[in-house]
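Asks: Shown below is the structure under consideration.
Numbering (full-length UniProt numbering), first residue to last: 1 to 224.
What follows is the structure, encoded as structure tokens:
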């Protein structure tokens with residue numbers, strides 16, 4: 001595969017992979033290569049920008065397609081990327097090392113990046129329209145489920161409250177019925193007195209509140 005051949009024998013402007021040094025030398029002296037290089041010299045910045053944008057786009061597509069949003073070694077992704085037949089080589093971009101490129105991905109918010117003893121790791125932030133639509137659909141479903149749970153919980157609480165009220169009403173009714181029955185039993189029961197038992201009558205009277213004038217009993221009393 002072209003992507004797996006030696007990088008130094010690849011011409012990015014012509015998108016041509018040469019087998020060895022001699023083949024590469026012959027290519028660089030060809031007329032077609034000279035024309036391409038003339039265009040590059042006239043618009044070097046524009047070509048560099050295009051190659052860099054394509055490199056980012058293709059690299060992230062490998063991450064999205066093969067690893068999704070899983071945390072993965074950046075070097076592993078890069079090896080899978082350069083295995084692509086017509087990939088853009090890094091020496092044709094703004095970046096000279098994989099570390100610089102990974103830092104760029106983190107700085108621009110395209111990936112979450114972290115450096116460990118085993119090298120750089122990346123976690124893809126998927127902003128693909130289909131993924132965003134799927135996430136939005138999941139979010140709406142989650143909200144609907146939450147609303148249903150709240151409604152069911154409220155209905156359950158209302159049912160429990162109604163059951164408690166009915167229970168208290170039944171208890172109150174039963175207590176009233178029991179009290180009424182007890183009172184009725186008291187009135188039905190005849191008055192019993194043992195034979196020869198004396199009858200005691202309480203003859204206590206409350207004292208008068210008004211003091212009597214003993215010297216003149218009629219004083220202070222109202223005349224008829």
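Just so it is clear, CB atoms sit at the ideal spot from N, CA and C, and this is done for glycine as well.
Apply the 10 Å Cβ neighbour rule to residue 26 and answer buried if 16 or more other Cβ atoms are within range, or exposed otherwise.
Replies: Exposed, by the Cβ-count rule.
Asks: Determine whether the beta carbon atoms of residue 104 and residue 67 lie at a separation below 9 Å.
Replies: No. Outside cutoff.
Asks: Does DSSP put residue 122 in a helix, in a strand, or in coil?
Replies: Note: residue 122 maps to strand in three-state DSSP.
Asks: I want to see whether chain C comes within less than 9 Å of residue 198, judged by CB atoms only; does it?
Replies: No chain C appears in the structure shown, which is made up of a single protein chain.
Asks: Determine which residues share a DSSP beta bridge with residue 113 and list them.
Replies: BP columns for residue 113 point to 122.
Asks: Classify residue 72 as helix, strand or coil using the three-state DSSP reduction.
Replies: Residue state, collapsed to three classes: strand.
Asks: Would DSSP call residue 53 helix, strand or coil?
Replies: Helix.
Asks: Helix, strand or coil for residue 129 per DSSP?
Replies: Of the three classes helix, strand and coil, the one that applies to residue 129 here is helix, per DSSP.
Asks: Which whole-angstrom value describes the C-beta separation of residue 77 and residue 63, a residue pair presumed to lie in contact below a C-beta threshold of 8 Å?
Replies: Going by Cβ atoms, the distance from residue 77 to residue 63 rounds to 5 Å, so yes, they are a contact pair.
Asks: Are there three or more Cβ pairs, one per stretch, closer than 8 Å when the segment 49-60 is compared with the segment 86-100?
Replies: Contact between the segment 49-60 and the segment 86-100 is present, because at least three Cβ pairs lie under 8 Å.
Asks: Hey, how far is the Cα of residue 81 from the Cα of residue 106?
Replies: About 18 Å.
Asks: Distance check for residue 182 and residue 147, CA to CA, integer angstroms please.
Replies: Looking at the two C-alpha atoms, the distance is approximately 52 Å.
Asks: Which residues mark the beginning and the end of the alpha helix (DSSP H) in which residue 67 is found?
Replies: Careful: residue 67 lies outside any alpha helix (DSSP H) and carries neither H nor E.
Asks: Which residue wins for smallest C-alpha separation from residue 118, given the options 51, 72, 178?
Replies: Here the closest residue by C-alpha is 72.
Asks: Helix, strand or coil: which one does DSSP assign to residue 30?
Replies: It is coil, neither helix nor strand.
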